[in-house]
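Everything on this sheet refers to the single structure shown next.
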Amino acid sequence: MGCAWHTAPMPPPFAQTLDRALVRLRSAFGEVAIEAREAIGAPLRPDLPDADLPRLRQRIDACLEGGGGETARRARAAELGEAILALSTAGRRKCLALIAQAYGLDRAGTLAAVDRWREGKADVAALRRALEPPAVRLFGEFVGLPQGVKFVVDRRAELMALGRNDPAARRLAEDLRRPLASWFDVAFLDLARIDWKAPAALLEKLVAYEAVHAIRNWRDLKNRLDSDRRCFAFFHPRMPEEPLIFVEVALVDGLAGDVRALLDPKAPTRDPRAADTAIFYSISNCQPGLAGVSFGNFLIKRVALELGRELPNLKTFATLSPIPGLAAEVDRRLAGEGDALLTAGEIAELATVIDKARGAGAVRSLLDRPRWHEVPAVAKTLRPILTRLAARYLTATDSAGRALDRVAHFHLGNGASVERLNWLGDTSANGLKQSYGLMVNYRYRLADVDANHGSYAAGKVVASTEVRRAARG
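Now the structure itself:
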């Protein structure tokens, strides 16, 4: 993947990217809000002192009343949105807390509406309106504005953060998930390929949102968008400049087992028409406010179909995935089960590389050593132990039938199978910390994804013979 490329400074930090997004939102809202701003009067102060709360509620109530025609409604919503964006972080938290607490579901009013419906005094539409919290209706007023959908998504992200300590904010964030799931139905999303010719602002967002393997510099980014790579993202028509989720793909020969090789900018560029395998090596969600709104499962299958049309030489579609919960699982089992995890031969082999501890204690001591993976005798001794524990971890389910590992749950739920474990596939600091360097390939056989999904829904993990054999030890 090599090329002579000057290593330029990276795009600005994510916080600056967000700041620019706020400026665009305020500008978009401001153009619509002039009339309403003149009617309502004094602006809210940035930190939203208590003295400003009545004026905030006046704006909210005016939006919810909805009188005066469509133009007036849009102007009031835009003015309120602009006012919220002008608040400081602390002021916006205070504003959202007020909306969540004061404009939640009216229990007495809801029960009265149910009684009226039972008595035939109200129709279903009136009942449905009574069951919708005013706060949800309020956020619905923003959707028709320029940048309004992005505004709602970002406010939900802030509500989710508030919700860690505020039950009302947590309820409102969950209430907003339902309409967002409808607005972001996969049927409304556009799949687009992103390459090096994409606008700089979009490339900056790839850097900012990359959640699996950090993009170090412009050369690294160009490498990931080279001719034997592909990057695809979902976009929403009302957020055309904002990727919702993106996947990075390497076109290679055979299953990849080492993420360093995939990310090496000095590796030669391959002819994509000669590749037989597409490796999905990074999937990143870009919008925290869409947490709980699932479209990642559709992304991989859509991309696989797209790649199959473009490059019919591709026969295998698989991931090279982290195992984020493995190290914690190994640590827990070593502490709880001790030598019962090991064979007699493994205990004897451990004694040849460490003399201050035995059995499970020896495994623990070796794993605690810095750079243990660089000592051949130690790595050779630990490999069968960690591989077996990884295979058991990935093929086990909890009492609800879910995979123990969150990444495994995602791919198995999409219809993939656990194909192969890769010893020391990620020896970065994070890779060693979360999985003792192991990675896994989940394979997507497009003809089998529905059957695999059904098996997983019934609590069965579909895995290759190799992985099953490793789990048995």
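Under the working numbering, the final residue of the sequence shown carries the number 1077; numbering is consecutive throughout. Quick reminder that beta carbons are idealized off the backbone N, C-alpha and C, glycines included.
In the DSSP annotation of this structure, A646 is not part of any beta strand (DSSP E), being labelled neither H nor E.
According to the DSSP secondary-structure assignment, M1043 is paired through a beta bridge with N1026. Take L735, set aside five residues on each side of it, and the residues of its chain with a beta-carbon closer than 8 Å to its own are L709, T714 and A717, in chain order. Distance from the CA of D824 to the CA of P869, rounded to the nearest whole angstrom, comes to 6 Å. Each of I927, F902 and A796 was checked against the Cα of V863, and the nearest Cα belongs to I927. Across the set I664, R677 and A690, the C-alpha of A690 shows the shortest separation from the C-alpha of R649. Per DSSP, the beta bridge partners of F921 are A882. The C-alpha of W800 is placed about 47 Å away from the C-alpha of L938. Here N889 is bridged, per DSSP, to I849. If you draw a 10 Å sphere on the C-beta of E669, you find fewer than 16 other C-beta atoms in it, and that means exposed.
Residue state for L766 is assigned as helix, using DSSP reduced to three classes.
Residue environment analysis places E950 among the buried positions, since at least 16 neighbouring C-beta atoms fall within 10 angstroms of its C-beta. In this chain, F746 is not harboured by any beta strand (DSSP E), its DSSP state being neither H nor E. Going by C-alpha positions, P783 is about 31 Å away from V853.
Taken in chain order, the complete beta strand (DSSP E) segments of 3 residues or longer contained in the stretch 821–866 are 833–839 and 849–856. Residues of the same chain with a CB within less than 7 Å of the CB of I688, apart from the 5 flanking positions on each side, are R696 and C699 in chain order.
Annotated three-state conformation of L915 is coil, per DSSP. Inter-residue distance for D719 and E674 is about 32 Å (C-alpha atoms, whole angstroms). Across the structure, A922 and V1011 are spaced so that their CA atoms are roughly 14 Å apart. Closest in C-alpha terms to A966, from the list R975, E978, L946 and P980, comes L946. Membership of L795 in any alpha helix (DSSP H) is not indicated; the residue belongs instead to the beta strand (DSSP E) covering D794 to R797.
Note that the C-beta distance between E933 and L993 is below 9 Å. Per DSSP, the beta bridge partners of A1067 are V1022. When DSSP states are grouped into helix, strand and coil, T1001 belongs to the strand group.
The beta carbons of K809 and E846 sit closer together than 9 Å. Contact between E910 and L795 holds, with the beta-carbon distance rounding to 7 Å and staying under 8 Å. Under the three-state reduction of DSSP output, A812 falls in the helix class. In the structure shown, the three-state DSSP call for A1007 is strand. For the set L990, V1065 and R1006, the Cα lying nearest the Cα of A1074 is the one of L990. In this structure, the CA atom of V747 is about 20 Å from the CA atom of L660. C-alpha of R711 to C-alpha of P737: approximately 10 Å in a straight line.
In chain order, H977 place their CB closer than 6 Å to the CB of A983, counting only its own chain and leaving out the 5 sequence neighbours on each side.
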